[in-house]
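Heads up: the structure comes next, in structure tokens.
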């Protein structure tokens, strides 16, 4: 597709269950970012992938959160043992180049996955 | 502490009127500042991007200004339309050293007929 896609668009899960959120970045984009947006709050950075470099995980709120990016393309954000405070919209973005490449890092966002933990 | 503060938190204007949204930041060192528009239920979409050497950038009816000395930016919307109703997010990126991009909480704009 032409833009960043995410799936599912909505996810309702019970407290304690694990969830996986998927992001398909724009083809050819080397950098991929995950953010969390709680109701009425600004975007919170979670993790950043750039090419084959080790990801910047400094924004992950706890060890229940992890993410991987396979083949430099699709990324999966996994939340284990979900808690109610994990309820939020999870946004993925990609950019042609990342910070370390020194190029422009205009970020293109997907529509997000709305996660509700009951 | 690196911060981005936006004001007002929300704003209601009549269709056709102009408005100005404010962004103050303390991110240092500074690399660039972007304004995004986020429609309800959608991801943010970039409106403008400015480096420290630029003090104004336009995109149609949207004009962003930047004062790197006072660390302030504004987004001016001219002749507002109903479709301008959205959240407007100021995003400031640091220069080097890993990922340092700070998002403001946004200004929620409502344009009424």
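Residue numbers (the numbering used here), protein chains in the order written: chain A, 11 to 128; chain B, 30 to 142. Where a beta carbon is used, it is the ideal one built from N, C-alpha and C, also for glycine.
Asked	Found
Counted within 10 angstroms of its Cβ, other Cβ atoms place residue 113 (chain A) as buried (16 or more) or exposed	Reliability of the predicted coordinates at residue 113 (chain A) is poor, the pLDDT of 45 falling under 50, and the value obtained from them is presented with this limitation in mind. Exposed: under 16 other Cβ atoms inside 10 Å.
For residue 130 (chain B) and residue 16 (chain A), the rounded distance between their alpha carbons	22 Å
Chain-order list of residues whose beta-carbon lies under 6 Å from that of residue 30 (chain A) (same chain, five-residue window excluded)	86, 88
Start-end ranges of the beta strand (DSSP E) lying completely within the segment 17 to 73 of chain A, minimum 3 residues	20 to 23, 29 to 34, 41 to 47, 53 to 60
Contact list for residue 134 (chain B) against chain A, beta-carbon separation under 8 Å	50, 51, 52
Nearest neighbour of residue 32 (chain A), chosen from A:51, A:56, A:105, A:100 [CA to CA]	A:100
Status (buried if at least 16 other CB within 10 Å, exposed otherwise) for residue 106 (chain B)	buried
Beta-ladder partner(s) of residue 34 (chain B), from DSSP	B:53
Nearest-angstrom Cα separation, counted from residue 26 (chain A) out to residue 73 (chain B)	30 Å
Partners in chain A for residue 78 (chain B), counting only beta-carbon separations shorter than 7 Å	116
Cβ contact (3+ pairs, closer than 8 Å) linking the segment 97 to 105 of chain B and the segment 37 to 53 of chain B	yes
Proximal chain B residues relative to residue 120 (chain A), where beta-carbon distance stays under 7 Å	72
Amino acids of chain A, ordered along the chain, whose beta-carbon sits closer than 7 Å to that of residue 75 (chain B)	116
C-alpha distance - residue 73 (chain A) paired with residue 95 (chain A), whole-angstrom precision	15 Å
CA-to-CA distance, residue 80 (chain A) to residue 140 (chain B), given in whole angstroms	43 Å
DSSP three-state assignment for residue 81 (chain A), whether helix, strand or coil	helix
Residue-level contact to chain A via CB, residue 118 (chain B), 9 Å cutoff	yes
Residue 31 (chain B) versus residue 57 (chain B): straight-line alpha-carbon distance, rounded	7 Å
Per-residue contacts from residue 101 (chain A) into chain B (C-beta, under 7 Å)	72
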